[in-house]
Amino acid sequence: MKRRHIAISLIANLTFLFTSAQPVTTRFVDSVVNKALVTFNVPGIAVAIVSDNKVLLSKGYGFRSLEGREKADENTLFGIASNSKAFTAAALAILVDEGKLKWDDKLVKYIPEFKMYEPYVTREFTIRDMLTHRSGLGPGAGDLLHNPDSTDFTIKDVIYALRWLKPESSFRSRYTYDNIFYLVAAELIYRVSGERWGDFVHNHIMLPLQMYRSNASYSRVKKDTNVIEGYDEIDGKLTRIQRDDAERDAGAGGIYASADDMGKWMLAQLNNGRYGEHLEWQLFSAEAQEEMWKPQITLPVSKNDGYDSHFGAYGFGWFLNDAKGYKIVSHTGQDNGMISEVLLIPELHVGITVLTNRDGGGAMRAIVDQITDCFLDVKGFDRIARWKAKVDMQSQATEKAKSRLQEFVDTSSFSNLKSTYASKTGTYRDNWFGIVTICQKDTRLYFSSKRSLQLHGQMFPLSQDSFLVRWDNRNLKADAIVVFENKGKMFTMKRATPETSVAYDFQDLLFQKQSDDTCK
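Quick note on my numbering: the sequence shown kicks off at 4 and runs consecutively.
If you want it as C-alpha cells, here you go:
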C-alpha cells in the first residue's frame, strides 16, 4: 500500500481513472488544497480519495505542527471528532449482526437506570432513537458534562443528568443534534459486549481493516510523533489549542485517524461492510449497512449550491441527502483545533475524506465540494471563494456581536452597583451540573465551577441582575451571560455571542442558591 502512495506522488500529471465527468488529477487536488491552506490560514490538511475499490489519493499538506514545522503526511493522525459517530454506529451494527441486541430494543433493557425527563420517553426510548438526534432535547443538551475538557463527570453522571434535561420539542418530532446519546451508546456497547468502547472499536473495526495508525482517543495516541497539534485563531493569531484526552466522550467524537486509514474505512463502507483483498471478509452485514444509511429523521435542504438537492435526513451516525440525482452519505466533525469531513457517493463507489488541524470549516468544506463537483459534473463554482465569503460573513457577524457587547460593558452605568454584589455571592447548585460559586474579589465578581475546572472567570455587569462572564481561558471562545432572579436566590445562563458553540449548553442550567458563603 505504501508503494502505491509513493507511485501516486510521482505521477502527479497523470489523470486518475475516476469514473467522473471531469478528470481529477493529483495536480488538481494539490492546487485546490494548497489554495485552501492559504485562503483559510490552515496549518495542515490531509486528503484521501477512494474509487472502484482503490485508494486513489492519500496525501498530507502543510504542517501538523507550526511550532516544530513538522509536515503533515498521509500517516499523520488527525482528530476526526464527530466522524467517530459512524464508528459507534458500526460497532452497534456488529452487535446487531451477532444477535446481541436489536435496533428497536428499549434502552432501559440494557441500562435500567436510564431516565429521561418525561416517563413516556424513558419507557419508549430505543437504540434507534439514541443514534438519530430525535430525543426532543435542545441542541447540545448535556454537552457541558464533557465540554470543555477537564470536567470530572463520569458516564454515570451523564446518564443521571438526562432526567433533568427538559425537552424543547416532542419526542421524535424533529432533528436536534446532540452528542450526549453517543456517550450513552458507548456505554451500551460496553454493557452488551464487555469491552470498553475504545477497545471494541479498535479490536473489531480498526484491526480488521488494518487501520493500524488509528486509535480511539487522544490519550491513546498523544505520545505518537506523527500526530497533529490543533489550532484556532485567538485575537487574530493562530494559537495552539489544548485537547481533551479523556475517553468519556470518545463514542461521540474521540477517534484519531490518518488519511491512509480513512481510505480503508471508506472502502469498507462503500462495500457494505466487506473488506479484504477479494472482499472475502465481512465487518457488518449489508442489512446493517442499509439501516445505518436509511433516513430516520428529516432535515432542511439547501438548494442554492448547484447540487439540486431534494431531501435531507439523518441515519445512524451519517447525514443523508441527494446531489445531482445521487445519494450522498456524509458527516463532519469539529472539536478543539480540528475539523474534518467524510463524504461518500455509494452509486459511484466514491469516497472523500478531508482532515484539518484548525477550527473553522471553510477549507474542509471547500475542498470536499470542489472534488465532489468533478464526480457529479457540476461546473462553474469556485468553492473556495464561496466558502471564504460565507466564513467572512459569519466572522463579521460574530465580531459585530462581540463589539456591541463590549461597548455595552464599557459604557455600562451599572459599575456602581458593587453594594448589590453581596446578595449575589455564594454557592449555587444545578441538578445535573453541580456546584458553582460566585465570589467577590476586590471590586469584581468571579464565577467558578467545581466540576468543570476551566469554567472560571470574571463577571462584568450589564444591568443590575445580568452579567457577562469572560472565562480566564480565552481559547474557550464561550463567554456566557448570567441572569440573576429572585433577589439573587437563583440564576440562569445563556451564550453571549454566536461565537459560542452549542456544545456549551448554558441554557439548560438552572442554579439555586445553597448558601451565602462569601468565598473568603
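Every residue gets a Cβ at the ideal spot worked out from N, C-alpha and C, and that includes glycine. These numbers come from a predicted model, not from an experiment.
Taking all protein chains shown into account, decide if residue i is buried (16 or more other Cβ within 10 angstroms of its Cβ) or exposed.
i    : result
L1   : The first residue shown for the chain is 4 and the last is 523, placing residue 1 beyond what the model contains.
D475 : exposed
V124 : buried
N360 : buried
V304 : exposed
P115 : exposed
F470 : buried
K480 : buried
R477 : exposed
H207 : buried
S466 : exposed
Y278 : buried
T18  : At T18, the pLDDT of 40 sits below 50, so the modelled position is not reliable and the matter cannot be decided from this model.
H136 : buried
D311 : exposed
Taking 7 Å as the cut-off, decide whether the C-beta atoms of residue i and residue j are in contact.
i    : j    : result
L147 : D508 : yes
T525 : S451 : Absent from the structure is residue 525, since the part of the chain shown begins at 4 and ends at 523.
T430 : S518 : yes
Q299 : G318 : yes
V58  : G266 : yes
A253 : G201 : yes
R131 : W167 : no
A51  : T356 : yes
L512 : F436 : yes
Helix, strand or coil for residue i per DSSP?
i    : result
G82  : strand
S426 : helix
I484 : strand
E294 : helix
L358 : strand
W474 : strand
S87  : helix
I244 : strand
N489 : coil
G239 : coil
S34  : helix
Q443 : strand
D519 : coil
E410 : helix
Express the C-alpha separation of residue j and residue i in angstroms, rounding to a whole number.
i    : j    : result
E77  : V187 : 32 Å
V53  : L60  : 7 Å
T29  : E344 : 19 Å
M269 : G354 : 6 Å
A326 : W296 : 15 Å
L165 : A255 : 16 Å
I183 : V204 : 19 Å
R194 : Y113 : 7 Å
Q510 : T179 : 15 Å
L20  : L347 : Note that L20 has pLDDT 41, beneath the 50 cutoff, so the model's placement of it is unreliable and no number is given.
I438 : V161 : 16 Å
L379 : K330 : 11 Å
N489 : K391 : 46 Å
H2   : Y449 : This structure gives no information on residue 2, because the portion of the chain shown stretches from 4 to 523.
L273 : P349 : 6 Å
S220 : A49  : 19 Å
L134 : L104 : 14 Å
P464 : E250 : 38 Å
G47  : T79  : 10 Å
* Should the segment 383-393 be regarded as contacting the segment 33-53, the criterion being three or more beta carbon pairs within less than 8 Å? -> yes
* To do: Examine the Cβ distances between the segment 97-111 and the segment 136-151 and report whether three or more of them are shorter than 8 Å.
  => no
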